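Each residue of the sequence shown is one higher than the one before, starting from 59 at the first, in this note's numbering.
The C-beta atom is built at its ideal place from N, Cα and C for all residues, glycine as well.
As the structure is a computational prediction, the values presented were derived from the model and not from experiment.
Taking it in order: structure first as structure tokens, then the write-up.
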Amino acid sequence: MKLKVGDPDMEKDLRRAAIVREGAGDTATVMVDCNQQWSVPQALEFGCRAKALGLNLFWIEEPTHPDDILGHATLAKRYGKTLVAAGEHVPNRIIFKNYFQEKALGICQVDALRVAGVSEFLAISLMAKKYEIPVVPHVGDMGQVHQHLVLYNHIGMDHQALILEQIPHLQGKFKHPVSVEGGVYKTPQEAGMSSDLY
59 MKLKVGDPDM EKDLRRAAIV REGAGDTATV MVDCNQQWSV PQALEFGCRA KALGLNLFWI
119 EEPTHPDDIL GHATLAKRYG KTLVAAGEHV PNRIIFKNYF QEKALGICQV DALRVAGVSE
179 FLAISLMAKK YEIPVVPHVG DMGQVHQHLV LYNHIGMDHQ ALILEQIPHL QGKFKHPVSV
239 EGGVYKTPQE AGMSSDLY
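Shown next, in the form of structure tokens:
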């Protein structure tokens, strides 16, 4: 389960995350997405307070501005078991390499539609594998394309099969929409990248 955080009132975010954790139970995977709303000190405060509350967050996504690689590295060191997830606004493999070298990411969220396409995605995914960083692509509205890339990452590169978000509001616009049953993506059977629109 993932919820948005980044309210100017951090108490609200912590309270909401605590409600989700309580409702989901101790074994559920709970993540938060800040959408770059915090400074590094604010992101650090949230992470420390979430830990003190026993929220056991799997990741904190986009805790601060994507250009601040050293800030992300600081957070990654200080968060402990909670991973820093980012990458949807990182534009190319060169900047991703800097993230990897600084140990600034626990989860690489490259988006094939925001870098230079599938080839650039694969180059970034290969680098992430070298640095032993799991790849969970940023889906946005295009889980259609990323479902194929996750399959390739797992089968062709031996990346750990973690999760792939599903955002269903555009499914009716695609000729071959993503199919999820029982919380699991079904392998596409049609040729292509599943991105043909009506």
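Same chain, Cβ closer than 6 Å to residue i, neighbours up to 5 away in sequence not counted
i: Val176; result: Ala170
i: Val238; result: Gln224
i: Asp65; result: Asp71
i: His204; result: Pro195, Val197
Whole-angstrom distance between residue j and residue i, CA atom to CA atom
i: Lys231; j: Gln202; result: 11 Å
i: Phe179; j: Tyr189; result: 15 Å
i: Thr132; j: Gln100; result: 12 Å
i: Ser252; j: Ala110; result: 43 Å
i: Val173; j: Asn150; result: 5 Å
i: Val242; j: Asp67; result: 35 Å
i: Leu128; j: Gln247; result: 42 Å
i: Ala255; j: Lys244; result: It is worth fixing the name first, because residue 255 is Leu in this sequence and not Ala. Their backbone Cα atoms lie some 19 Å apart in a straight line.
i: Arg73; j: Val208; result: 33 Å
i: Lys62; j: Phe158; result: 25 Å
i: His227; j: Asn93; result: 20 Å
Counterpart residues of residue i in DSSP-defined beta bridges
i: Val90; result: Leu61, Ile118
i: Cys166; result: Ala144, Val193
i: Tyr256; result: None; Tyr256 has no bridge partner.
i: Phe232; result: Leu255
i: Glu239; result: Val242
Given residue i as reference, the closest of the options once Cα atoms are compared
i: Gly240; options: Met251, Gln224, Ser253, Leu255; result: Gln224
i: Met215; options: Ile191, Pro226, Ala249, Val197; result: Ile191
i: Val98; options: Val236, Pro124, Ala75, Trp117; result: Pro124
i: Val197; options: Ile77, Gln167, Lys187, His212; result: Gln167
i: His130; options: Arg136, Asn156, Gln95, Ala162; result: Ala162
i: Lys233; options: Ala219, Gly250, Thr245, Gly138; result: Gly250
i: Thr122; options: Gly138, Ala143, Val194, Gln95; result: Gln95
i: Asp126; options: Ala108, Ala75, Gly112, Phe154; result: Phe154
i: His212; options: Pro235, Leu184, Ala143; result: Leu184
Contact set for residue i: own chain, Cβ-Cβ below 8 Å, skip 5 residues either direction
i: Asp84; result: Asn114
i: Lys60; result: Val88, Met89, Val90, Asp91, Glu119, Glu223
i: Arg136; result: Leu102, Gly105, Cys106
Residue i at chain B interface by Cβ criterion, 8 Å
i: Pro246; result: Annotation note: the requested chain B is absent from the structure, which comprises a single protein chain.
Cβ neighbours of residue i in the same chain (closer than 7 Å, five flanking residues each side left out)
i: Lys187; result: Met215, His217
i: Ile221; result: Val194
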